[in-house]
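Undergrad: Residue numbers (full-length UniProt numbering): 1 to 83. All residues carry an ideal CB built from backbone N, CA and C; glycine is no exception. Below is a structure I'd like to ask you about.
Next up, the structure:
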């Protein structure tokens, strides 16, 4: 399978203080959960993000991509606590 993005380019963008596109963010989260992006590469991206930060748009998209990447649990059958 050919990947849409290259993780090195994504890391480089953040390292060089660029803003990740929504497509890059969606891809890197998806690729990491599929095992295409190695732990070491994700750690390098995390370091670049820590050093250079993220815009509000990046944070919002990253959060959404993380939520969409996992199993969703349904708690609607549980009663809600009251005070």
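What residue range is occupied by the uninterrupted alpha helix (DSSP H) comprising residue 45?
TA: Per DSSP, residue 45 belongs to the alpha helix (DSSP H) from 39-52.
Undergrad: Give the secondary structure of residue 64 by DSSP, where H, G and I count as helix, E and B as strand, and everything else as coil.
TA: Residue 64: helix per DSSP, three-state reduction.
Undergrad: Please report the Cβ distance between residue 58 and residue 25, rounded to the nearest whole angstrom; I am assuming they are in contact, meaning their Cβ atoms lie under 8 Å.
TA: With a Cβ gap of about 7 Å, residue 58 and residue 25 count as contacting.
Undergrad: With DSSP run on the structure shown, which of helix, strand or coil describes residue 30?
TA: Residue state, collapsed to three classes: helix.
Undergrad: Measure how close the beta-carbons of residue 67 and residue 44 come, nearest whole angstrom, since I'm counting them as under 8 Å.
TA: About 23 Å; that fails the 8 Å criterion.
Undergrad: Can you have a look at residue 61 and say buried or exposed, based on whether 16 or more other CB atoms are within 10 angstroms of its CB?
TA: Residue 61 is buried by the Cβ-count criterion.
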